[in-house]
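Novice: The structure follows.
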Amino acid sequence: MTEFIVAPLVGSVIGYITNALAIRMLFRPHQPKYLWGHQLPFTPGIIPKEKGRIAASVGVSISKNLMNEEVMEKNLLSENLLSKLDHTVERYFDKQKNNSETLRSYLGHILSDEDINQISSKCGNDLKELLYVKLASSSVGDRIAHVAITHVMEKMQHFGSIPGHNEGIGDWLGKGIKKIFGQSGSDATSQFINSLAEPAERALANHINEILRNNSKEIVGDLISKEIDSLLSRRMSDLLADKEKEILQVRKSILSLYTTMIRERLPRILAAVDISKIVEERINEMDMNEAEEIIFDVMDKELKAIVWLGAGLGFIMGFINCLF
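In our numbering, the protein residues as written are 7 to 330.
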């Protein structure tokens, strides 16, 4: 009768110890052990001994099955993540609507004053040069002169009119020409005015173009410098005031740009990053104490279950052995 108690208990203890020892031998010893110059068997432990192979296998497995292009794209473009991104952008703009900082102060959080000045100066100089070349090489003066002379000719019709009367110099001139030339006076008036307008327009255009060639850089430079300084001095809240439609469009553009980049650039990014190599190198760099601690933290319950399972199986085998 005693053997039905002792044998299962002994089997249970043996099963517990052997499973606990086997799990321990997966990790220890970390280094090979020697006796009289001969390496002892099962040293180092299985995991330390096969660390390089395990690292390579884990890296390939993660790269192919857990962090491949399909899985990454599915997660990076999920509705939940896109919604969070849009909400983050929305909160950012809501915060800036109440931001009393100037644009210069705001940029000062990420750039130095020297960088801000260099960027504004570079942008200003580029814009100045672009506008100067356009103004100096184009026929801006011709267009300005044409508009100005046309406007003047229209105003001449009523210029100098007597209060209470609608007639001006143009009307008087037309009547005088009509008396001399009869019913064709209106045509003669038009021809006379046009004869004055054409040379005046050419002369004015030449003067304006010459002024722009000689002075546009200074004029444009001062104007752009003042506008840039004014922009940097404006508060963030003022810059975003009444810009709801523009902000909404920016939010949509950010989401669209993000989606496009993920779909078009993700394969290149994954190829360049080489996840399997990163995982392999990281595992190889890990100290075995650290690796052992991580595995036991993740699988503590499972490993303990294996130990107690060994005890249970030992108990059953001991009991069965008594029957035979």
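The beta carbon of each residue, even a glycine, is placed where N, CA and C say it ideally should be.
Which first and last residues belong to the alpha helix (DSSP H) in which residue 93 is found?
Specialist: 85-103 is the extent of the alpha helix (DSSP H) around residue 93.
Novice: Can you tell which of 64, 35, 116 has its C-alpha closest to the C-alpha of residue 55?
Specialist: Residue 55 has its Cα closest to that of 35, out of 64, 35, 116.
Novice: Could you confirm whether any beta carbon from chain D is found closer than 8 Å to the beta carbon of residue 51?
Specialist: Included in the structure is just one protein chain, with no chain D present.
Novice: Going straight from the alpha carbon of residue 16 to that of residue 26, what length do you get?
Specialist: Answer to the nearest angstrom: the Cα atoms are 15 Å apart.
Novice: Assign residue 135 to buried or exposed, taking buried as 16 or more other Cβ atoms, counted over all protein chains shown, within 10 Å of its Cβ.
Specialist: Exposed.
Novice: Can you have a look at residue 212 and say buried or exposed, based on whether 16 or more other CB atoms are within 10 angstroms of its CB?
Specialist: Label assigned to residue 212: exposed.
Novice: Just tell me which of 152, 133, 49 has its CA closest to the CA of residue 215.
Specialist: Taking only the C-alpha atoms, the option nearest residue 215 is 152.
Novice: Suppose the cutoff is 6 Å on Cβ atoms and the five residues either side in sequence are ignored; what does the same chain contact list for residue 319 look like?
Specialist: Taken in chain order, the residues that qualify are 21.
Novice: Can you name the start and end residues of the alpha helix (DSSP H) that residue 262 belongs to?
Specialist: Element bounds for residue 262: 250-279.
Novice: Secondary structure at residue 219, three-state DSSP: helix, strand or coil?
Specialist: DSSP places residue 219 in helix when its eight states are reduced to three.
Novice: Would you kindly work out how many angstroms separate the C-alpha atoms of residue 58 and residue 252, rounded to a whole number?
Specialist: Spanning the two alpha carbons is a distance of roughly 55 Å.
Novice: Could you name each continuous alpha helix (DSSP H) segment of 4 residues or more that falls completely within the segment 111-149, going from the start of the chain to the end?
Specialist: 119-143, all fully within the segment 111-149.
Novice: Closest to residue 24 by C-alpha separation, out of 72, 323, 317, would be which residue?
Specialist: Minimum Cα distance to residue 24 is reached at 317.
Novice: List the whole-angstrom C-beta distance separating residue 29 from residue 312, where the pair is believed to meet the contact cut-off of C-beta under 8 Å.
Specialist: 7 Å between Cβ atoms; contact.
Novice: Sort out for me which residues DSSP pairs residue 41 with in a bridge.
Specialist: 44.
Novice: Pop quiz: residue 14 and residue 321 are said to be a contact at Cβ under 8 Å. What is the actual Cβ separation, rounded to whole angstroms?
Specialist: Yes, residue 14 and residue 321 are in contact; Cβ-Cβ is about 5 Å, under 8 Å.
Novice: Would residue 207 be called buried (16 or more neighbouring beta carbons within 10 Å of its own) or exposed?
Specialist: When all chains shown are included, residue 207 counts as buried.
Novice: Taking residue 110 as the reference, give the member of 244, 238, 286, 102 with the closest Cα.
Specialist: Measuring from the Cα of residue 110, the nearest candidate turns out to be 238.
Novice: How many angstroms separate the CA atom of residue 326 from the CA atom of residue 50?
Specialist: So the two alpha carbons sit approximately 36 Å from each other.
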